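> Got a structure here, written out as structure tokens. Questions coming.
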Amino acid sequence: MAVHVARDVDDATRAVAVDERAELIAGGTDLMVEINFGRRRPGALVAIDRVQELRGISRSGRVRVGAGVTYTQLLADDAGSAALREASRSVGSPQIRNAGTIGGNIATSSPAGDALPVLAALEATIVVRSVRGERRVPFAEWMTGPKRNGRARDEIIVAAEWESAGPKQTFMKVGTRNAMVIAVASLALVVDASRRRVGVALGSCGPTILRADRAQSFAAGVLDELGWERQAAPTETACAEFGALVASAARPIDDVRGTAAYRSHVLSVMAARALARVAVLG
Amino acid sequence: MPRVVRTRVELEGRMTDELALVEGKDLPGWTGERTIVGTPTTRIDGAQRVTGRARYTQDITLPGMLHVRFVRSQHARARVVRVDDTRARELRGVRAVLHRSNLPKAPFRGEETIFREEARFVGEEVAAVCAESEETAAAAIRLVDVEYEVLPHVVDLEDAISEQAPRLDEKGNVSESGSHSRGDTERALRDADVVVDATYRTSTQLHNSLETHGAVAHWDGERLTVWESTQHVFGVREGLHLALGLPYSRIRVICEFMGGGFGSKGGAGKYTIAAALFARQLGAPVRCVYTREEENLAAGNRSATLQHIRVGWTGGRTGRISGLEHISYSNSGQGRWVADPTGPTNTLYKIADLSTKSYRVVTNAGSLSAFRAPGYVEGTFALESALDELAEQVRVDPLELRRRHATSIDPLMALRYTQKRLLDCYRIGAKEIGWSRRKRGGTPGSAEHRRRGMGMASQIWFGGGGPPAFATVHLNPDGTAVIRSGTQDIGTGTRTILAQICAEELGIGVTDVRVDIGDTDAPYGPISAGSLTLASVGPAVRQAAADAREQLLGAAAGVLEVGKRELRVEGGRIVGTSRQTTIEEIFDQLKNYTVIGRGSRFPNPSETALNTFGSHFVQLEVDVRTGEVFLEKIVAVHDIGRVVNPLTAASQVEGGIIQAIGFALTEQRVLDRATGRVLNADLEEYKVPTVRDVPPIVVRFVDVPDRRANNLGARGLGEPPIIPTAAAVANAIANATGARVRTTPMTPDRVMAAFAASRA
Amino acid sequence: MTERGDGVEGMPDPVTKQLTTLRVNGETHTVAAEPHHTLLEVLREELGLTGTKHGCELGECGACTVLVDGVPLLSCLTLPAQVRGMEVTTVEGLADGPRLHPLQTAFAEEGAAQCGYCTPGMLMAAKALLDANPQPTLEDMQQAIAGNLCRCTGYTAIYEAIAKAASGGGAGAQPLRRTGAGRASASHT
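Chains A, B and C, in that order, are what the protein sequence lines are. When the letters of the first sequence are read in order and numbered with the working numbering, they come out as residues 123 to 404. When the letters of the second sequence are read in order and numbered with the working numbering, they come out as residues 24 to 783. When the letters of the third sequence are read in order and numbered with the working numbering, they come out as residues -1 to 187.
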């Protein structure tokens, strides 16, 4: 196994194109586990963690976060998404946040990936590039199953992009301890007041990141009445109904981290709290 | 002259009558103030631990060292019909493969070899590969072809109890392992005004020492040297002696530093035997160290339990407990013993009519091994939860209920305790937590959806130690000393407390004492388990130091031409009525003078009970919508007699509590019933508490020397702090919310289920 | 039934060691190692720096934490090739010759090392914290070591030691133990 440390994206795309045994490595927090456990032994690795081009955050109108941006960087440099900050803070440990990248989260596509519900709720676009050119994939079409997505082997995730959605957004999760928590259930809620749009996405509650369409429409109705730009709390009943609608969108299972029943229950609680929280943000 | 005395020896509650060798007369207890013992003392080996110089078994590298990996059964129960190692042996770098059909006889824990004909849990060792690199060994185990005859299995405790379960043992899966009865429990419960009848469950807890189990074996043609991460170097030697048939004189076991054991590293393991067999066969050093996954499959665990308690009450708010029945089942896996959860029930309170029974249940899950206060953690959770349920029903303050049933006599053996200050623990703890602020039904929490509550629980454990334990103290010509004993420091600070005891008795400074332990070439030291290291080895070290001092003073008296009685050692100097001199000067005059003091542990006083006591108080908040529990404060008060080192004692308590928090809230092995596989054999899905899961912990000791116990007045502290915490947490959750969680860990989903039950 | 081992003959690949140049604790080393071997393995097995520990092999215990250009990373999830040209600091590089780093002194004095197995990783995480933030709050300290598991101490002595090192270790060191070293609300809900 040879390791090629890529200088730039073009170098990396060429390197994966010419060697079909080659796999990409950035922070290594997922791939190295597979290698250490002998579950994967790539014929070659192309390391993209030092590619500067992948490490930038730009906020000129549209937000663009390079795939190589680490969670630590997301906490230090504001990417204009409070929910993404909250999600980044809850990822693993400092060491994992120093290495792990948003691109890695997108590439691994675990239903428990903390950044993913946020990207889904923001309706982000994933930008991938290969020697064949660049593709832009809406997040909704990105994940095809647990740890499966539409990336071709020779494609490199270069960035995630979204329209800035304003301050009304949050990420919540429940785990079984207080640090290094893998979500038992997680939720991102984005209220884009200027576009009159509500985005709700659920993590660890199905094979992919799920959206809660009925809950979104319901919340939009609530906000139509309350006023999108205002900082006013919805009624408890409205929050509870929103919670129930979110929970009904989940397709949870029983697994080692928790039961399906608890996941549904806690989703409804988190969703109600999330709506109450974001409605008063401004 | 050494002489033999008969004595009763206790290890984790199991009593045996043994012979002990002692010498001379035991020392009387210390009187008056001590200057070194009792003073917070920094670990004498701290510098090694913080610089990376401390050498653990995993750090041992020897030239030409080979590596072992095991082929492990993927079936919960299967007969190993045939092992074909052809493909594995053909792999470059593989040096040898051992399995049932080519293994030399190697008796291990009552079986003929380390590879059984029937694999009885997923992860059981089936064959071992020795190769030039760990990676090659890991690749080679996947080239070993095994023919299995798969047999029906059962892994879950309650499944194994049921009639439909496959019979794993000729006598059935369930066998009685212990019982106790006094008075007439049935009648007492029948006549009681109120009876709490409840079932408690505790989950399997995995030790997860940060350093996994492992050994490095080196055979030099005549002698076997084994470095092992162990709590008992002499136990490892015994295991190797039995398995390899080597005389003791040709086995040396060393454990310099080790990364945690918590009960699971009590003797030689299959990895030890395999490493030694390969080392002897191949004439090369051999390393066998478990991966984290192997650790969680095959290194043992705290048994899951199912416990039924019925406890009655008679006489309203001024009444008493009238009758208690405790029936417990433990998932021992393939283990041959039971860590008895009914121990605390038998002894903690004055209850006239009491009946307990404990059952061992065999399953195809990994075996139990001792885990810090085995049985007592599980049993105390059930007992102390049940008493709170009773207190709630009869509207008596839970602390008052316990005070009302205090006993100064061990109710099981009807013997007086050497010292019991549990009531002091209650008093100190109640004050520290602010028990008077506790309200029935809890209080509002820090947010609208949170409730706050307080709970407490009591603790009893052993920890008196006893013989055999030996030490020598060697005086160097420069006035420094070396302690030699075959005990080991498993992280608790043994080196430091032994140095303190030696320095105190000898009259020199702690930093002038070196402690050479963790080596079977030293005088015998017992297993570092059962909270007995200090109370067993400490008195022997004190005796050896006193012996060395007397020899030194004798020599000094001769050199100085004064009576020996006029001299004493103080601050490293020989002090007399008229003059003082340094130890060095005495040695200078005598040239090649050698002082070796010898010490042995004398038996404990007969006709007394020797136990440790304590109580924990917990304050917490519960999110009543999500079921999340937020610990706010834990107060731990323990009666362990004299505290030798308040610094290491406090960290023992804090460490015990954090493992208890794991047991209470986050830790559980999850098994797939259909396949018997462990679904969380790693540190990602098996949730050990992090720093953020630990609330402020207040540690207090009663700290009154137990003059009857031994010449130090000290008892052990290893297990006491893990025992009462989980029950105190459960009781605090119930106080806060009215929801009684009867299963550990008390995860958010279980807390929510308990809410639902309490509302129904 | 016979269970054929799922291994493939000829595995692992014929050993092709790659030369890698590493800067570790101020010294340059050129090591020949198999390219998929982790930084942890290279440190321990090729350079004999066994202070950095194996704990879990999947990035959950923090025992293998080292600093790479001052940033705490898990050496079990890092390939040597990825840190080429960067400065790697291990626990062996913490002391200045015979003089212990203030964190080492504080850890030893406060009893923050019990069995000591997690200590090297803990020290490196703490060093990164203090280098970036010489006056950390309790919350900062808890954040910094949240990825380092300790099974012995209960953590209290550890952040007490970090606080002591931060304040210069003098008499003014803030006594945290038993005086309410609270954990910040970690609720994500």
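Glycine is no exception: its CB is placed at the ideal position from the N, C-alpha and C atoms. Source: prediction; values computed, not measured.
Got a sec, what are the start and stop residues for the alpha helix (DSSP H) B:Gly581 sits in?
Its alpha helix (DSSP H) spans residues Thr556 to Leu583.
> With 7 angstroms set as the bound, which would you pick, yes or no: does the beta-carbon of C:Thr151 sit closer than that to a beta-carbon of chain B?
Yes - at least one Cβ of chain B is within 7 angstroms of the one on C:Thr151.
> What three-state label does DSSP hand A:Val155 in the structure shown?
Of the three classes helix, strand and coil, the one that applies to A:Val155 here is helix, per DSSP.
> At which residue ranges does the region 190 to 224 of chain B contain complete beta strand (DSSP E) runs of 3 or more residues, listed in the order of the chain?
You should have 197 to 205.
> Would you say the region 687 to 701 of chain B touches the region 223 to 230 of chain B, given that touching needs at least three Cβ pairs under 8 angstroms?
Touching, yes.
> How about A:Met123: is its C-beta nearer than 7 angstroms to some C-beta of chain C?
By this cut-off, A:Met123 is an interface position.
> I'd like to know whether the C-beta atoms of B:Gly292 and B:His255 end up nearer to each other than 7 angstroms.
Going by C-beta atoms, B:Gly292 is not nearer than 7 angstroms to B:His255.
> According to the Cβ coordinates, are B:Gln442 and B:Asp729 closer than 7 angstroms?
Cβ atoms of B:Gln442 and B:Asp729: closer than 7 angstroms.
> Hey, is A:Met302's beta-carbon within less than 7 angstroms of any beta-carbon in chain B?
Chain B, which has a Cβ nearer than 7 angstroms to the Cβ of A:Met302, makes this yes.
> With 7 angstroms set as the bound, which would you pick, yes or no: does the beta-carbon of C:Cys74 sit closer than that to a beta-carbon of chain B?
It does not; no Cβ of chain B falls within 7 angstroms.
> Using only the alpha-carbon positions, how far apart do A:Gly225 and B:Val239 sit?
Going by the C-alpha atoms only, they are around 42 angstroms apart.
> Under 8 angstroms, CB to CB, which of the residues in the region 36 to 61 of chain C have a partner in chain A?
Flagged, chain order: Thr36, Glu55, Leu56, Gly57, Glu58 and Gly60.
> Indicate whether the contact test is met: 3 or more Cβ pairs, each with one atom in the region 748 to 761 of chain B and one in the region 666 to 685 of chain B, closer than 8 angstroms.
Short answer: they touch.
> Which residues of the region 347 to 380 of chain A have a Cβ closer than 9 angstroms to any Cβ of chain B? Give them in chain order.
From the region 347 to 380 of chain A, only Asp377, Val378, Arg379 and Gly380 have a Cβ closer than 9 angstroms to chain B.
> Taking the CB atoms as reference points, tell me whether B:Ser481 and B:Ser638 lie closer together than 7 angstroms.
Cβ atoms of B:Ser481 and B:Ser638: closer than 7 angstroms.
> Would you check if there are 3 or more beta carbon pairs closer than 8 angstroms linking the region 561 to 572 of chain B to the region 490 to 503 of chain B?
Yes, the region 561 to 572 of chain B is in contact with the region 490 to 503 of chain B.
> Within the continuous alpha helix (DSSP H) that includes A:Arg207, where are the two ends?
Counting along the chain, the alpha helix (DSSP H) containing A:Arg207 begins and ends at Ala204 to Arg211.
> Return the residue from the list B:Thr556, B:Val417 and B:Ile606 that minimises the CA-CA distance to B:Ala504.
Among B:Thr556, B:Val417 and B:Ile606, the Cα nearest to that of B:Ala504 belongs to B:Ile606.
> With distance defined between alpha-carbon atoms, name the residue in B:Ala580, B:Leu269, B:Asn634 and B:Gly282 nearest to B:Glu234.
Checked all of B:Ala580, B:Leu269, B:Asn634 and B:Gly282; the closest Cα to B:Glu234 is B:Gly282.
> Would B:Glu527 and B:Val219 be called neighbours here (beta carbons separated by less than 7 angstroms)?
Contact: no.
> Report the rounded CA-to-CA distance for C:Ala189 versus B:Tyr79, giving the unit in angstroms.
Examination of residue 189 of chain C is not possible in this model, given that chain C is present from -1 through 187 alone.
> Just tell me which of C:Thr28, C:Ala106, C:His35 and C:Val86 has its CA closest to the CA of C:Leu75.
Nearest C-alpha to C:Leu75: C:His35.
> For a contact meaning CB atoms closer than 8 angstroms, what does C:Leu121 contact in chain B?
The contacting residues are Val73.
> Helix, strand or coil, according to DSSP, for C:Gly178 in the structure here?
Because C:Gly178 sits at a pLDDT of 32, beneath the cut-off of 50, its placement in the model cannot be relied upon, and the following sentence gives the value as read from the coordinates. Three-state result, C:Gly178: coil.
> Taking the alpha-carbon positions, what's the C:Ala104 to B:Ser232 distance?
Cα to Cα, C:Ala104 sits roughly 24 angstroms from B:Ser232.
> Leaving out the 5 sequence neighbours to the left and right, which residues in its chain are closer than 6 angstroms to B:Gly262 when beta-carbon positions are compared?
Gly290 and Ala291.
> What are the partner residues of B:Thr605, as DSSP defines its beta bridges?
Beta-bridge pairing links B:Thr605 to B:Arg596.
> Look at the alpha carbon of B:Arg105 and the alpha carbon of B:Ser559, and state the distance between them as a whole number of angstroms.
Each residue's alpha carbon lies about 48 angstroms from the other.
> Suppose contacts are defined by Cβ-Cβ distances below 7 angstroms. Is B:Ser355 in contact with B:Leu391 by that definition?
For B:Ser355 and B:Leu391, yes; Cβs fall inside 7 angstroms.
> Please state the DSSP three-state secondary structure of B:Phe280.
Note: B:Phe280 maps to strand in three-state DSSP.
> Going by DSSP, which residues form a beta bridge with B:Ile720?
Bridge partners of B:Ile720: B:Ile657.
> Tell me where the beta strand (DSSP E) around B:Tyr382 begins and ends.
B:Tyr382 -> beta strand (DSSP E) spans Leu377 to Val385.
> Chain C beta carbons: is any one of them nearer than 7 angstroms to that of B:Glu677?
Yes, contact with chain C.
> If you measure between the beta carbons of A:Ala205 and A:Phe293, is that distance less than 7 angstroms?
A contact, by the Cβ cut-off of 7 angstroms.
> Anyone know if the C-beta pair for B:Val152 and B:Ala163 falls short of 7 angstroms?
A contact, by the Cβ cut-off of 7 angstroms.
> Taking a Cβ distance cut-off of 8 angstroms, strictly less, list which residues of the region 211 to 227 of chain A are near chain C, in chain order.
The region 211 to 227 of chain A vs chain C, Cβ under 8 angstroms: Ser212, Gly214, Ser215, Pro216, Gln217, Ile218, Asn220 and Ala221.
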